[in-house]
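Residue numbers (the numbering used here): 810 to 895.
No residue lacks a Cβ here, since even glycine has one placed at the ideal position from N, Cα and C.
Keep in mind the model is a prediction, meaning the values are calculated, not measured.
The structure under discussion appears below in the form of structure tokens.
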């Protein structure tokens, strides 16, 4: 139920995210109805909440069998590959 403005999202990111990239990602998520923008405040839509739950479940399933170093390696792999073009 929490909504965040653009600056709060920047602060919440564990790694500094480029403002243009974040803006483009937010626009894309709005067009896919994953988030909503109401009065300069971004929050998950009903669809976004469902997707978040599924992703959290997948994360638990995937990471349960990994040791701590393997988890970090997996997270790094996902981060690097999330920015690659198909």
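{"Query": "Determine the direct distance from the alpha carbon of residue 822 to that of residue 848, and round the result to whole angstroms.", "Result": "21 angstroms"}
{"Query": "Evaluate contact between the segment 812 to 830 and the segment 856 to 864, counting only Cβ atoms and requiring at least three cross-stretch pairs below 8 angstroms.", "Result": "no"}
{"Query": "Look at the alpha carbon of residue 832 and the alpha carbon of residue 866, and state the distance between them as a whole number of angstroms.", "Result": "27 angstroms"}
{"Query": "What does residue 844 pair with, by DSSP beta-bridge criteria?", "Result": "853"}
{"Query": "What does the alpha-carbon distance come out to for the pair residue 843 and residue 868?", "Result": "19 angstroms"}
{"Query": "By the DSSP assignment, the alpha helix (DSSP H) with residue 819 in it spans what residues?", "Result": "815 to 821"}
{"Query": "Give the DSSP-derived three-state secondary structure of residue 863 in the structure shown.", "Result": "helix"}
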